[in-house]
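Worksheet for the structure shown next.
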Amino acid sequence: MGRRLRQRRRSILACAARHGASNVRVFGSTARGEDQPNSDVDLVVDLDRKTGLFALEALRRELSEILGVSVDVAPSDSLRPRVREEVEREAIPL
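Next comes the structure, spelled out in structure tokens:
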């Protein structure tokens, strides 16, 4: 997991909780240790049932501000089975 995520872990988790997200995991290049300074951060989260698209977009924007890079947030229940398996294989819990 990247240094940027470790340093801002509490802020990330607090932001996620405010927006109805939990079980935050990083995947992709950051999880594999292949990220570069300008790499985006890919996160997969579990969402409360009441969390809608506007809250998800607000979460993505706020996390981008916290981390200073583009952030993609994928709800775990929206991933296709094959993609979910791949993501879960490399995902690292925050």
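Under our numbering, the first residue of the sequence shown is numbered 15, with each subsequent residue one higher. All C-beta atoms, glycine included, are put in the ideal place defined by N, C-alpha and C.
| query | Which two residues bound the contiguous beta strand (DSSP E) that contains proline 58? | reply | Note on identity: in this sequence residue 58 is valine, with proline being the wrong assignment. For valine 58, the enclosing beta strand (DSSP E) stretches over residues 55–61.
| In this structure, what does DSSP give as the bridge partners for proline 107? | BP columns for proline 107 point to Arg39.
| request: Using alpha carbons as the reference points, say which of Phe41, Arg22, Leu27 and Arg32 lies closest to valine 97. | output: Phe41
| request: Please name the residue in Thr44, Ser92, Val38 and Leu27 whose C-alpha comes closest to that of arginine 17. | output: Selected option, being the one with the closest Cα: Thr44.
| Host beta strand (DSSP E) of proline 51 (start-end) | Where proline 51 is concerned, there is no enclosing beta strand (DSSP E), given that its DSSP letter is neither H nor E.
| query | Comparing alpha-carbon positions, which option in Lys64, Ser84, Ile26 and Glu79 lies nearest glutamine 50? | reply | Ser84
| query | How is the alpha helix (DSSP H) around serine 90 delimited, first residue to last? | reply | No alpha helix (DSSP H) contains serine 90, which DSSP labels as neither H nor E.
| request: Could you work out which residue in Glu104, Arg63 and Asp54 is closest to valine 87 when comparing CA atoms only? | output: Asp54
| request: Could you tell me the distance, in whole angstroms, from the CA atom of serine 36 to the CA atom of isoleucine 80? | output: For serine 36 and isoleucine 80, the distance between alpha carbons rounds to 17 Å.
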